[in-house]
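Undergrad:
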Ligand code: HSE
């Protein structure tokens with residue numbers, strides 16, 4: 009069944025989750041991008057309107073993460089001539105570390121798939137969404153796209169084959185987020201990373217990710233808290249973010265399970281045992297940022313376990 013018009017939502021995400029660079033991510037309840045798809049008046053897919061992007065995003069389908077992801081789906085289905093119009097409504101700033109381009113790519117491909125009556129499953133459209141996001145930073149990794157599409161906490165065994173596993177999400181898990189108003193380009197934040205990693209760091213990080221995953225399966229917050237620590241990537245990126253070490257100390261002193269950079273930054277996240285705890289961490293971080301006159305948004309969120317969904 010084809011719909012007259014559909015509107016879909018795809019949530020923001022926290023990639024890496026400290027211990028899983030490029031292979032781990034979680035979906036936030038909000039913010040999230042919205043895409044509207046309807047029948048067009050001319051042949052092919054056309055983006056007719058973008059809001060919330062301060063005029064920065066291209067309307068050209070091939071150059072737009074949402075447009076390109078949807079186009080890849082239409083190519084796969086042999087429906088590139090079908091007249092389709094797309095509107096993109098950005099609900100988060102770009103270059104924030106909240107997976108903004110991934111949310112758009114997911115909403116774009118999920119929106120067109122929904123418009124066509126869901127001919128493919130979410131797993132089957134994952135690759136198109138990752139190809140869409142790739143336009144933004146040039147790299148092919150699913151740690152924002154997969155949680156935005158599927159929801160919850162997602163582990164990616166391989167970014168080549170896109171094998172993913174949904175990890176359990178303990179109900180009380182909550183996140184305090186800080187978005188300092190600076191822009192970090194993902195491509196630059198990736199370019200500064202060392203190509204090789206000392207063996208002792210690999211051993212430490214492997215122990216940490218395995219323990220975090222074990223803690224998720226057991227619902228053991230204390231265990232998660234002992235291991236949510238990035239010894240490889242965070243030390244190389246921390247200098248990009250003002251007051252990073254002070255903010256981390258404040259979060260941990262206020263009982264956060266862990267605190268690190270969200271994706272490529274500049275956003276930061278604190279994983280917390282309950283919304284009340286997340287609110288306490290958020291408030292302490294906000295007071296410090298205020299005292300340092302660093303412009304930032306702070307918010308708390310639970311974990312979105314549904315992923316992208318159709319609003320109508
Ligand atoms: N894993 C990615 C990174 C997420 O940290 O560069 C940002 O796209």
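In our numbering, the protein residues as written are 9 to 320. We put the CB at the ideal spot given by N, CA and C, even for glycine.
Which two residues bound the contiguous beta strand (DSSP E) that contains residue 185?
TA: Reading the chain shown from its first residue, position 177 is the one you call residue 185. From DSSP, the beta strand (DSSP E) with residue 185 extends over 181-188.
Undergrad: Quick one: what's got a C-beta closer than 6 Å to residue 144's C-beta in the same chain, skipping five residues either side?
TA: Walking along the chain shown from the start, residue 144 turns up at place 136. Around residue 144: 73 and 109.
Undergrad: Does residue 134 come out as helix, strand or coil in the three-state DSSP assignment?
TA: Position 126 of the chain shown holds residue 134. Helix, per DSSP.
Undergrad: In whole angstroms, what separates the C-alpha of residue 50 from that of residue 106?
TA: Here residue 50 corresponds to residue number 42 of the chain shown, with the count starting at 1. Here residue 106 corresponds to residue number 98 of the chain shown, with the count starting at 1. Their backbone Cα atoms lie some 34 Å apart in a straight line.
Undergrad: With DSSP as the reference, please indicate the residues paired to residue 94 in a beta bridge.
TA: Walking along the chain shown from the start, residue 94 turns up at place 86. Answer by DSSP bridge pairing, in chain order: 45 and 55.
Undergrad: Would you kindly check if the distance between the Cβ of residue 197 and the Cβ of residue 150 is under 9 Å?
TA: Taking the first residue of the chain shown as 1, we reach residue 150 at position 142. Taking the first residue of the chain shown as 1, we reach residue 197 at position 189. Taking 9 Å as the Cβ cut-off, residue 150 and residue 197 do not qualify as a contacting pair.
Undergrad: Do you know how far the Cα of residue 312 is from the Cα of residue 96?
TA: Taking the chain shown and counting its residues from 1, one reaches residue 96 at position 88. Taking the chain shown and counting its residues from 1, one reaches residue 312 at position 304. Their Cα atoms are separated by approximately 21 Å.
Undergrad: For residue 73, report the span of its beta strand (DSSP E) as first-last.
TA: Here the question's residue 73 lines up with position 65 in the chain shown. Residue 73 -> not in any beta strand (DSSP E); alpha helix (DSSP H) instead, spanning 73-85.
Undergrad: Please list the terminal residues of the continuous beta strand (DSSP E) segment that includes residue 266.
TA: Taking the chain shown and counting its residues from 1, the one referred to as residue 266 is at position 258. For residue 266, the enclosing beta strand (DSSP E) covers residues 266-269.
Undergrad: Of the choices 100, 249 and 263, whose alpha-carbon is the least far from that of residue 269?
TA: The residue given as residue 269 occupies position 261 in the chain shown. The option with the nearest alpha carbon to residue 269 is 249.
Undergrad: Which residue from 267, 101 and 201 puts its Cα closest to that of residue 182?
TA: Within the chain shown, the letter at position 174 stands for residue 182. It is 267 whose Cα lies nearest to the Cα of residue 182.
Undergrad: Does the ligand HSE have even one heavy atom less than 8 Å from the beta-carbon of residue 149?
TA: Translated into positions along the chain shown, residue 149 becomes position 141. It does: the Cβ of residue 149 is within 8 Å (strictly closer) of some heavy atom of the ligand HSE.
Undergrad: Once the 5 residues before and after residue 297 are set aside, which same chain residues still bring their CB inside 6 Å of it?
TA: Residue mapping note: residue 297 aligns to position 289 of the chain shown, counting from 1. Taking residue 297 as the centre and dropping the five residues before and after it, the same chain places the C-beta of 304 closer than 6 Å to its C-beta, in chain order.
Undergrad: Report the start-end ranges of each alpha helix (DSSP H) in the stretch 161-223 that is 4 residues or longer and not cut off at the edges.
TA: 194-199
Undergrad: Report the residue from 102, 283, 317 and 37 whose alpha carbon sits nearest the alpha carbon of residue 188.
TA: What you label residue 188 is simply residue 180 of the chain shown in a count that begins at 1. Closest by alpha carbon: 102.
Undergrad: Taking contact to mean at least 3 C-beta pairs separated by less than 8 Å, is the stretch 285-293 in contact with the stretch 253-262?
TA: yes
Undergrad: What are the start and end residues of the alpha helix (DSSP H) that includes residue 117?
TA: Numbered from its first residue, the chain shown carries residue 117 at position 109. Here the alpha helix (DSSP H) through residue 117 covers 108-123.
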